[in-house]
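Novice:
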Amino acid sequence: MQAEQNQNQSPPILQDLNQVRIAISFHCIRCNYDLLGLAGDADCPECGQPIRVSIYETIDPATKRLARLPKPKVIGNMLPLMVVSFLISAVWACIGAAVVSSHFASFGSLHLRLRDTDCFAVALAFALITFCCSLPILKVNKNEHLEGCNRGLLLICIGSFCWSVSMLLALLFVRKEISPQDMTVVLLDTLLPSLSGAMLFIGFKMFIPKIGIRSRAFRQAQYSRQRMNDLLIAIVVICIGRVMMATNHVDTNAYTFGSILMIMGMSLVLVGLCYTAWNTLWIRKSLVSPPPSIRELVRPIE
Ligand SMILES: [Zn+2]
0 MQAEQNQNQS PPILQDLNQV RIAISFHCIR CNYDLLGLAG DADCPECGQP IRVSIYETID
60 PATKRLARLP KPKVIGNMLP LMVVSFLISA VWACIGAAVV SSHFASFGSL HLRLRDTDCF
120 AVALAFALIT FCCSLPILKV NKNEHLEGCN RGLLLICIGS FCWSVSMLLA LLFVRKEISP
180 QDMTVVLLDT LLPSLSGAML FIGFKMFIPK IGIRSRAFRQ AQYSRQRMND LLIAIVVICI
240 GRVMMATNHV DTNAYTFGSI LMIMGMSLVL VGLCYTAWNT LWIRKSLVSP PPSIRELVRP
300 IE
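Here is the structure:
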């Protein structure tokens, strides 16, 4: 549907492909053969794929019509870096939480191999990288080049800063000596990080689709596009699980059910972040090495 629309909106030059040749190094989408110098209406000499199909699949007139971005490479590189560093930070925060709970639960011996403070220190380091990556994007966009993205970007900045602070607090105060039923610990090890994570995800929700319209792969992805609402629901599940653990004794079924909810929620968040990182790599590709326009790609045959 989208592809058809793109074809209908293509410049008239595409209707006269027999009068043009490929003017730059340009590869067949099926076999990667370099089509430089061939006529636009010919087929790929290697695999027979019509060259016009490769042209239609590569050029992206919809993106070319959007206003030019200042420093697209900065945004393109910082966006996946931001998501990936947050993913790594979240993985270590979850490992840290597992280490702490293996101290007082009957299951596991994770605390014999890893120290909770080390886990939270790694999580803090990557949280700071996330925060640092969000600053250049906010700076590039200070003049609102990306219409309506400032609030999303600001939320990403504040969310990643709060996440860093909550990792620091976890590093300083979450200890095995504290009982899992202590409500202050619940605040430090779950509620504060969850709140910061939720802020970050709402920021992603406001920003990523806006910048994503510049990537054809992102626009056309229906089911492989990560929905931030799923991640927000997962955060709620984590909080419910943690509160159930805090309000029930370690030996009860409710405690076990709470810990299952927590593990499920954490897994959902981590898998969702992997998908988000993959989505931002498409966006990076279209920002850092945008597809050629039809005018750059073909020249009339003399
Ligand atoms: Zn080919």
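Numbers 0 to 301, taken from numbering that gives the first Met the number 0, label the letters of the sequence shown in order.
Cβ coordinates follow ideal geometry from the N, Cα and C atoms, glycine included.
Everything numeric in this text was worked out from a predicted model, so none of it was measured.
#1: Hey, Pro308 and Leu230: beta-carbon distance below 7 Å or not?
#2: Counting Cβ pairs closer than 8 Å, one from the stretch 45-64 and one from the stretch 198-209, do we hit at least three?
#3: With DSSP as the reference, please indicate the residues paired to Arg20 in a beta bridge.
#4: So if I measure from each beta-carbon to every heavy atom of ligand 1 and keep distances below 6 Å, which residues remain?
#5: Keeping to the same chain, check which residues put their C-beta closer than 8 Å to that of His26; ignore five residues upstream and five downstream.
#6: What separation, rounded to the nearest whole angstrom, lies between the Cα atoms of Ser288 and Arg213?
#7: With a 10 Å radius around its C-beta and 16 neighbouring C-beta atoms as the bar for buried, classify His67 as buried or exposed.
#8: Roughly how far, in whole angstroms, is the beta-carbon of Ala126 from the beta-carbon of Ser163, given that I think they are within contact range, below 8 Å?
#9: To the nearest angstrom, report how far apart Leu16 and Met198 are at their CA atoms.
#10: Going by other Cβ atoms of all chains shown within 10 Å of its Cβ, with 16 needed for buried, is Pro299 buried or exposed?
#11: Sort Met166, Val173, Leu113, Leu267 by Cα distance to Thr124 and report the nearest one.
#12: If you follow the alpha helix (DSSP H) that Pro60 is in, where does it begin and where does it stop?
#13: With C-beta atoms as the reference, is Ile94 less than 7 Å away from Ile210?
#14: On the DSSP bridge list, what partners appear for Asp33?
#15: Could you tell me if Asp59 is buried or exposed, where buried requires 16 or more neighbouring beta carbons within 10 angstroms of its beta carbon?
#16: Report back the beta-carbon spacing between Val99 and Asp181 to the nearest angstrom; my notes put them in contact at under 8 Å.
#17: In three-state DSSP terms, what is Pro135?
#18: Going by the DSSP bridge assignment, what does Pro49 pair with across the sheet?
#19: To the nearest angstrom, report how far apart Arg114 and Lys284 are at their CA atoms.
#20: Taking the beta carbon of Ala253 as the centre, do at least 16 other beta carbons fall within 10 Å, making it buried, or is it exposed?
#21: Given Ser84, which residues of its chain have a CB within under 6 Å of its CB, disregarding the five upstream and five downstream residues?
#22: Would you identify the three-state DSSP class for Pro290, choosing helix, strand or coil?
#23: Chain C beta carbons: is any one of them nearer than 7 Å to that of Ala253?
#24: Got a sec? Which residues, its chain only, sit under 7 Å from Ile23 by beta carbon, not counting five neighbours each side?
#25: By the three-class DSSP mapping on this structure, what secondary structure does Gln221 have?
#26: Do Pro71 and Leu267 come within 7 Å of each other at the CB atom, strictly closer than that value?
#27: Pull up the CB-CB distance for Gly271 and Gly240, whole angstroms please, since I reckon it's below 8 Å.
#28: Do Ser193 and Ile234 come within 7 Å of each other at the CB atom, strictly closer than that value?
Specialist: Put simply:
#1: Nothing in the structure corresponds to residue 308, since the chain is present only between 0 and 301.
#2: no
#3: Ala38, Arg298
#4: Cys27, Arg29, Cys30, Tyr32, Cys43, Glu45, Cys46, Gln48
#5: Tyr32, Asp33, Leu34, Ser53
#6: 12 Å
#7: Position check: residue 67 holds Arg in this sequence, whereas His was assumed. The residue in question, Arg67, is exposed, as its Cβ has fewer than 16 Cβ neighbours within 10 Å.
#8: Contact holds; Cβ gap of about 4 Å.
#9: Near 50 Å, if we compare the C-alpha coordinates of Met198 and Leu16.
#10: So Pro299 ends up on the exposed side.
#11: With the sequence shown as reference, residue 124 is identified as Ala, and Thr is not the correct amino acid for it. Of the residues Met166, Val173, Leu113, Leu267, the one whose Cα lies closest to the Cα of Ala124 is Met166.
#12: From DSSP, the alpha helix (DSSP H) with Pro60 extends over 60-63.
#13: no
#14: His26, per the DSSP bridge assignment.
#15: buried
#16: Their Cβ separation, rounded to whole angstroms, is 12 Å, which puts Val99 and Asp181 out of contact at 8 Å.
#17: helix
#18: According to DSSP, which records beta bridges pairwise, Pro49 is partnered with Asp42.
#19: 39 Å
#20: exposed
#21: Result list for Ser84: Phe125, Ile128, Thr129, in chain order.
#22: DSSP, read as helix, strand or coil, puts Pro290 in coil.
#23: The structure shown contains no chain C, having only a single protein chain.
#24: Leu35, Pro291, Glu295, Leu296
#25: Coil at Gln221, not helix or strand.
#26: no
#27: With a Cβ gap of about 17 Å, Gly271 and Gly240 do not count as contacting.
#28: yes
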